[in-house]
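See below for the structure under consideration.
Residue numbers (my numbering): 20 to 702.
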């Protein structure tokens with residue numbers, strides 16, 4: 020077995036030393052401009068508000084992250100611009116403890132050593148302004164070009180680590196990502212945006228924000244078109260009959276999205292839609308190689324009406340929502356060799372999936388006593404139409420219809436007690452009831468201790484569950500390749516985490532954490548016959564790890580962040596390391612002003628260690644890698660004009676991500692060096 024490459028360790032040491040060195044220099048410059056007595060006279064809240072953001076998604080009310088019962092990262096729109104992040108996947112790859120894989124169709128979230136094959140991001144809850152984006156069929160969190168919101172419309176992103184089912188229920192298994200959109204006030208007028216880049220990639224956006232008496236209105240539309248990598252080589256198909264393993268013009272990616280929000284007095288109405296079409300170049304699921312008929316289309320939309328009101332000291336939030344998700348998957352097959360033949364020539368098999376659901380939620384939060392804050396609420400969701408048919412697109416072809424519906428409801432509550440001025444106890448619990456399997460109870464308990472200003476200790480215990488989704492329970496196809504799994508039970512995770520955070524003068528911050536996760540009843544593929552697979556509760560997993568991060572932000576405009584994560588994840592059933600799990604993650608992000616505070620240079624480095632896994636009965640591994648991205652950005656260099664130029668994989672390294680059992684190949688090649696020019700102009 021090969022050892023991990025030493026380059027990652029060298030990058031870790033070098034990045035930490037660089038961050039500390041730059042931090043000392045910038046801190047010394049700032050110290051000349053700030054009186055020491057100003058910092059000494061500040062209490063903890065004043066100190067943290069200098070550089071520490073507030074977060075809503077941890078407790079469903081605004082609080083500074085130092086008092087939140089979780090490890091939190093807040094990503095701002097400024098960071099998105101200065102690092103040239105194109106998708107949520109880019110953001111997560113730059114975030115402590117996260118990684119992502121890409122199979123040339125979708126991007127998949129990996130966190131704290133966990134990234135399972137066949138998992139469509141079901142174990143992380145994705146929200147936009149508190150509205151759940153995970154769909155009602157796969158419960159998937161879309162983080163690629165199929166994400167419902169244009170990146171230019173994001174104000175900030177709250178990345179919340181650890182189980183959060185005590186407030187959010189199923190899906191908040193490993194964490195919550197809450198994306199908060201920009202308001203009309205932040206745009207106010209007309210804003211045009213556009214971009215060009217490698218692989219004949221182009222994008223465009225027009226946004227309009229309007230303020231009026233008592234409210235505001237925002238409307239935005241975006242489009243994206245990329246030819247993708249037009250010459251992907253897969254050695255597993257290196258044969259003249261399959262174009263010598265070259266997939267030509269098979270990486271096309273197109274999408275468009277709409278977003279609207281309006282606020283009037285205590286009411287907010289928001290709606291969004293995205294439609295994305297992607298060719299699939301990998302010939303997954305045994306499809307014909309290099310056939311442009313194989314593609315996927317995702318269409319996601321929602322309407323959300325929210326009411327926020329403070330009534331006699333009680334903060335009340337009520338939400339009514341309607342959602343829809345459509346998936347069309349076209350898969351080209353050649354079955355002319357069948358005996359007897361099914362059809363005279365190659366044909367397309369189609370998944371035509373549709374889900375519609377509505378629901379409501381009400382929540383109240385009140386400072387009951389000077390040291391006690393209570394939050395409670397209820398939620399109901401009706402998945403009144405879930406259709407997952409599969410059929411052949413030929414006259415008289417085979418067809419398998421598959422329709423379901425279900426309702427679930429939940430009750431939740433949380434108490435935050437300030438035992439002492441320096442000690443907070445946070446306790447929450449939620450009960451969910453499903454028609455499919457019954458009830459699930461999810462508690463969370465946290466102690467937050469601040470012995471002195473700027474020093475924070477957190478001890479957190481959480482229990483979360485993930486309900487089996489419609490795809491895992493009911494999916495089958497005309498090939499009878501899947502067996503339904505109606506007896507599936509929820510997965511559960513018990514998590515223990517200790518966090519230490521230290522703030523230095525409101526400029527530097529360090530964070531260290533250790534965690535232990537124990538997962539039971541993990542839902543995974545299993546073979547039930549030589550030709551058929553099914554989902555089953557067959558795995559138990561333990562993961563032990565730790566993360567360290569140092570971050571600095573200075574008034575000069577310089578910013579630096581460096582992190583290291585280690586995790587050892589093991590499948591208890593096989594006593595083997597968990598497949599697809601990297602042990603080491605290294606991140607470095609640096610930004611520096613080049614001209615006043617109008618032009619910035621940003622550079623990031625991401626290291627992921629070797630990932631071992633079993634593929635079609637053989638043990639393989641994707642090599643560890645270190646990738647560098649660089650961005651030059653300007654803000655208001657000319658009135659109303661923002662622009663950036665980014666180069667991704669600057670050193671043109673060869674990168675490969677692990678494939679799943681759905682693929683004939685074991686490794687999926689990633690892009691080499693690419694670039695993007697992005698601009699926006701506000702009238």
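Quick reminder that beta carbons are idealized off the backbone N, C-alpha and C, glycines included.
For residue 274, the enclosing beta strand (DSSP E) stretches over residues 272–283. Distance from the CA atom of residue 542 to the CA atom of residue 212, rounded to whole angstroms, is 43 Å.
Under DSSP, the beta-bridge partners assigned to residue 94 are 176. Taking each of 74, 91, 457, 90 in turn and checking the Cα distance to residue 83, the smallest one comes out for 74. Looking at the DSSP output, residue 521 bridges to 474, 529.
Excluding its 5 nearest sequence neighbours in each direction, residue 606 has C-beta neighbours in its own chain below 7 Å: 113, 115, 581, 582, 625, listed in chain order. Counting along the chain, residue 110 sits inside the alpha helix (DSSP H) bounded by residues 107–112. A direct Cα-to-Cα measurement between residue 696 and residue 220 gives close to 10 Å.
Taking the C-beta atoms as reference points, residue 509 is found no nearer than 8 Å to residue 536. Fewer than three pairs of CB atoms, one per stretch, sit closer than 8 Å, so the stretch 271–279 makes no contact with the stretch 251–259.
The secondary-structure analysis by DSSP pairs residue 235 across a beta bridge with 230, 282. Minimum Cα-Cα distance from residue 471 among the listed residues 524, 298, 191 corresponds to 524.
In the displayed model, residue 85 falls within a helix according to three-state DSSP. With a cutoff of 8 Å on beta-carbon distance, residue 649 and residue 665 are scored as near each other. Within the same chain, Cβ atoms closer than 6 Å to the Cβ of residue 681 are found at 303, 304, the five residues on either side in sequence being excluded. Short of 6 Å from the beta carbon of residue 478, and not among the five residues preceding or following it, lie these beta carbons of its own chain, in chain order: 466, 517. Put simply, the stretch 222–238 does not touch the stretch 144–158. Fewer than three CB pairs are less than 8 Å apart. Residue 549 counts as exposed, since fewer than 16 other C-beta atoms from the protein chains shown sit within 10 angstroms of its C-beta. Judged by DSSP in its simplified three-state form, residue 217 adopts coil rather than helix or strand. Following the DSSP letters along the chain, one finds residue 343 inside the beta strand (DSSP E) bounded by residues 333–352. Take residue 481, set aside five residues on each side of it, and the residues of its chain with a beta-carbon closer than 6 Å to its own are 181, 182, 463, 514, in chain order.
The DSSP-derived three-state label of residue 262 is helix. Separation of residue 317 and residue 406 (C-alpha to C-alpha, rounded to the nearest whole angstrom) is 15 Å. DSSP places residue 562 in the uninterrupted beta strand (DSSP E) bounded by 551–572. DSSP links residue 467 through a beta bridge to 443, 477. Rounded to the nearest angstrom, the gap between the Cα atoms of residue 390 and residue 118 is 39 Å. Taking 4 residues as the minimum length, the alpha helix (DSSP H) runs contained wholly in the stretch 183–208 are 184–187, 203–206, in order along the chain. Setting aside the 5 residues that flank it on each side, residue 417 is surrounded in the same chain by 410, 411, 497, each with a C-beta closer than 7 Å to its C-beta; the list follows chain order. With fewer than 16 other Cβ atoms inside 10 Å of its own Cβ, residue 594 counts as exposed.
Between residue 678 and residue 133, the C-beta spacing is not below 8 Å.
Residues 533, 585 of the same chain have their beta carbon placed closer than 6 Å to that of residue 565, with the five preceding and five following residues left out of the count. Cβ-Cβ distances below 6 Å link residue 435 to 392, 445 in the same chain, with the five nearest sequence neighbours on each side left out; the list follows chain order. Residue 661 holds the alpha-carbon nearest to the alpha-carbon of residue 701 among 428, 493, 661.
A Cβ-Cβ separation of about 6 Å places residue 251 in contact with residue 688 under the 8 Å criterion.
By the Cβ-count criterion, residue 231 is exposed, with fewer than 16 other Cβ atoms from all chains shown falling within 10 Å of its own Cβ.
Runs of the beta strand (DSSP E) lying entirely within the stretch 604–645 and spanning at least 3 residues, in chain order: 618–627, 630–634, 637–641.
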